[in-house]
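Numbering of the sequence shown is given in my numbering, commencing with residue 18 and proceeding in unit increments.
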Amino acid sequence: MKSRFIDKLLTRLDRLDQKSLQAHFLRLVQQKGLMETIFQAVREGIILLDARGRITYANKAAVSMVGSAHETTIAGNNIAKYLRGIDWTRILDFDTSEWSKIFMHEIEIDYPSRRFLSFYVAPLEEQEGETGRGVLLMLRDTTHDREEEVSTLESERINAVKLLAAGVAHEIGNPLNALSIHLQLIDRELEQLDEHHRDSLRELLSVARKEVSRLDLIITQFLRAIRPSKPKLFPARIETLLKETLSLLKHDIQSRDIRVQINSPSDLPRIRVDRQQMKQAFFNVIKNAFQAMKDGGALTINISTLDRFLAISFVDTGPGVNAGESGRIFEPYHTTKPDGTGLGLMVVQRILQDHNGTIEFHSEPGIGTTVTLVLPFGEPQVRLLKSRTTPEDETT
């Protein structure tokens with residue numbers, strides 16, 4: 018396709034002196050270089066095909082989308098090698114009326130990796146000396162959009178299941194309360210029996226009450242984990258909340274022979290949190306750490322600030338967990354403890370999300386586990402985020 022600039026240059030070529038001719042050709046080279054820079058910078062794949070379907074040009078994005086890992090260029094090859102299952106011969110033979118019907122299509126490819134691509138085909142003007150015309154092929158990687166769509170549908174499905182499960186849990190909770198009350202009444206009636214029968218029945222009754230209490234705990238933690246509850250935010254000192262939480266676990270600290278140390282800067286700012294929810298999050302994390310250190314150990318709580326974020330790290334000297342277990346640590350009902358519910362950290366995660374915070378988990382077998390809660394404080398600021406790796410970056 019010839020530009021107006023080239024047409025104008027050709028008509029005036031015999032009237033230009035050498036200096037003017039050099040200036041015009043320099044401008045032409047600069048224009049070509051600019052277009053090449055633009056084509057290589059865009060995220061969309063751009064492929065030019067001649068009338069036979071041979072690739073005459075492909076930018077870096079196009080190569081990363083359809084080329085193999087070791088290919089730096091796909092020019093010179095036929096497009097059918099990369100986008101198989103499409104009748105390119107028929108497309109290249111389209112007439113004007115058929116080209117007017119062309120629109121964007123989406124395809125799925127599994128080479129070099131499984132991706133979804135949308136592409137648009139547009140005709141090019143016929144070139145001198147060639148029969149037929151080539152086409153411009155525009156590609157866009159829609160894999161992320163597809164994954165987002167699947168993720169949204171999955172979230173909607175999970176929310177529906179959660180709503181149903183919450184209703185079931187609530188209905189189970191009512192008879193559990195009745196069972197607990199009647200077990201207490203039976204316990205009182207046992208006083209009227211002789212000692213031999215009373216002791217044997219009381220042992221059975223104790224087992225029943227423990228199981229009812231365990232079911233009640235599971236339901237309570239499950240509802241805490243899935244019920245959205247807007248936190249009531251008030252300024253508070255994190256160190257004070259930690260000490261109040263540790264006072265509730267005083268018996269565990271003494272019976273398990275655990276040393277607890279809090280490291281906190283003296284100028285730590287107040288932070289707006291829901292006091293009860295945050296103490297619940299601290300309680301669950303600390304309780305997990307204590308249960309991991311069955312034979313005693315140390316729990317170090319480090320508080321630090323970075324920019325407008327406050328981090329509370331809980332470092333224990335327990336046995337740690339392997340990488341496989343670490344990847345499942347926030348899954349509901351997944352637990353490494355025989356008497357665990359598998360909901361404790363799920364509750365913590367929800368509380369942190371409600372406070373616009375995050376939870377990080379790192380563990381090394383034989384060394385221990387670190388759980389870090391990150392909370393925002395102060396006025397929000399604009400922060401430059403780390404750029405995401407693009408497919409073309411991975412191939413360079």
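Think of the CB as a built atom: it goes at the ideal place given N, C-alpha and C, for glycine as much as any other residue.
Since this is a predicted model, take the numbers as computed values, not measurements.
Worksheet item: For V399, does the count of other Cβ atoms within 10 angstroms reach 16, so buried, or fall short, so exposed?
Response: Note that V399 has pLDDT 48, beneath the 50 cutoff, so the model's placement of it is unreliable and no number is given.
Worksheet item: Candidates R215, T106 and R131: which alpha carbon is nearest R163's?
Response: Checked all of R215, T106 and R131; the closest Cα to R163 is R131.
Item to complete: Pick out whichever of A195, L327 and G93 has its Cα sitting closest to the Cα of A68.
Response: Cα-wise, what sits closest to A68 is G93.
Worksheet item: Helix or strand or just coil, what does DSSP make of S85?
Response: The answer is coil: DSSP assigns S85 none of H, G, I, E or B.
Item to complete: Could you have a look at R69 and say whether DSSP puts it in helix, strand or coil?
Response: For R69, the three-state secondary structure derived from DSSP is coil.
Worksheet entry | Where the alpha helix (DSSP H) containing L369 begins and where it ends | Segment G361 to D371, the alpha helix (DSSP H) holding L369.
Fill in: Delimiting residues of the beta strand (DSSP E) encompassing V388
Residues G385 to P393.
Discussion item. The alpha helix (DSSP H) that contains A97, what's its start and end?
Written reply: Per DSSP, A97 lies in no alpha helix (DSSP H) and is assigned neither H nor E.
Fill in: L265, DSSP secondary structure in three states
Correct three-state label for L265: helix.
Discussion item. Taking the alpha-carbon of V364 as reference, which of V302, R60 and V152 has the nearest alpha-carbon?
Written reply: Looking at the Cα atoms, V302 is the closest of the given residues.
Item to complete: Identify, in the order they occur along the chain, each residue of the same chain with its Cβ nearer than 8 Å to the Cβ of K247, setting aside the five sequence neighbours on each side.
Response: Result list for K247: D371, in chain order.
Worksheet item: Which of helix, strand or coil does DSSP assign to D333?
Response: Strand at D333.
Discussion item. Quick check: what's the CA-CA separation for R157 versus V80?
Written reply: In this structure, the straight-line span from the alpha carbon of R157 to that of V80 is close to 12 Å.
Practice prompt. Whole angstroms is fine: what's the gap from P393's alpha carbon to G313's?
Written response: Their Cα atoms are separated by approximately 33 Å.
Worksheet entry | alpha helix (DSSP H) runs contained entirely in the region 245 to 307, provided each spans 4 or more residues | Segments of the alpha helix (DSSP H) lying fully in the region 245 to 307: 255 to 265 and 267 to 272.
Item to complete: Report the residue from M295, D274 and S230 whose alpha carbon sits nearest the alpha carbon of P252.
Response: The residue with the shortest Cα to Cα distance from P252 is M295.
Practice prompt. May I ask you to report which of helix, strand or coil DSSP gives D112?
Written response: DSSP places D112 in coil when its eight states are reduced to three.
Worksheet item: Is G62 helix, strand or coil when you go by DSSP?
Response: G62 carries a strand assignment under DSSP once its states are collapsed to helix, strand and coil.
Discussion item. In whole angstroms, give me the CA-to-CA distance for I198 and E208.
Written reply: Cα atoms of I198 and E208: separation of roughly 17 Å, rounded to the nearest angstrom.
Fill in: Which residues DSSP lists as bridging P140, in chain order
Looking at the DSSP assignment, P140 forms a beta bridge with V152.
Worksheet item: Looking at the unbroken beta strand (DSSP E) that takes in A315, where does it start and where does it end?
Response: Looking at the DSSP string, the run of the beta strand (DSSP E) that includes A315 is G314 to L323.
Fill in: Simplified DSSP state of A92, which is helix, strand or coil
It is coil, neither helix nor strand.
Fill in: Span of the beta strand (DSSP E), counted from its first residue to its last, around I126
If you look at I126, you'll find it in the beta strand (DSSP E) that goes H122 to I126.
Worksheet item: Got a sec? Which residues, its chain only, sit under 7 Å from L250 by beta carbon, not counting five neighbours each side?
Response: Apart from the 5 residues on each side of it in sequence, L250 sits with its Cβ closer than 7 Å to the Cβ of R289, V290 and D291 in its chain, given in chain order.
Worksheet entry | Delimiting residues of the beta strand (DSSP E) encompassing E6 | What the structure shows of the chain is the stretch from 18 to 413, and residue 6 is not part of that stretch, so it cannot be assessed.
Item to complete: State buried or exposed for R367, treating a residue as buried only when at least 16 other CB atoms are found within 10 Å of its CB.
Response: Residue environment analysis places R367 among the buried positions, since at least 16 neighbouring C-beta atoms fall within 10 angstroms of its C-beta.
Worksheet item: Near A306, which residues of its chain fall below 8 Å by C-beta distance, leaving aside the five closest residues on each side in sequence?
Response: For A306, where only same-chain residues beyond five positions count, the Cβ hits under 8 Å are L316, F331, D333, G335, T386 and V388.
Worksheet item: If you drop the 5 nearest sequence neighbours on each side, which residues of the same chain put their C-beta closer than 6 Å to that of V83?
Response: Non-local C-beta neighbours of V83 in its own chain, meaning closer than 6 Å and more than five positions away in sequence, comprise Y99, ordered along the chain.
Worksheet item: What three-state label does DSSP hand D158 in the structure shown?
Response: In this structure, D158 counts as strand in the three-state DSSP scheme.
Worksheet item: Nearest to S272 by alpha carbon, out of K311, I108 and T257?
Response: Cα-wise, what sits closest to S272 is K311.
Item to complete: Express the C-alpha separation of I236 and F378 in angstroms, rounding to a whole number.
Response: Going by the C-alpha atoms only, they are around 25 Å apart.
Worksheet item: What separation, rounded to the nearest whole angstrom, lies between the Cα atoms of Y137 and S172?
Response: C-alpha of Y137 to C-alpha of S172: approximately 31 Å in a straight line.
Discussion item. With distance defined between alpha-carbon atoms, name the residue in G383, E381 and G374 nearest to V391.
Written reply: The shortest CA-to-CA distance from V391 to any of G383, E381 and G374 is the one to G374.
Worksheet item: Is it buried or exposed for G62, if we count other Cβ within 10 angstroms and need 16 for buried?
Response: Note on G62: 16 or more other CB atoms within 10 angstroms of its CB, so buried under the neighbour-count rule.
Worksheet item: R132 bridges to which residues according to DSSP?
Response: I126, per the DSSP bridge assignment.
Worksheet entry | Residues near D124 in its chain [Cβ-Cβ closer than 6 Å; skip 5 each side] | What sits at residue 124 in the sequence shown is Ile, not Asp. Closer than 6 Å at the Cβ level, and outside the excluded window around I124, lie L134.
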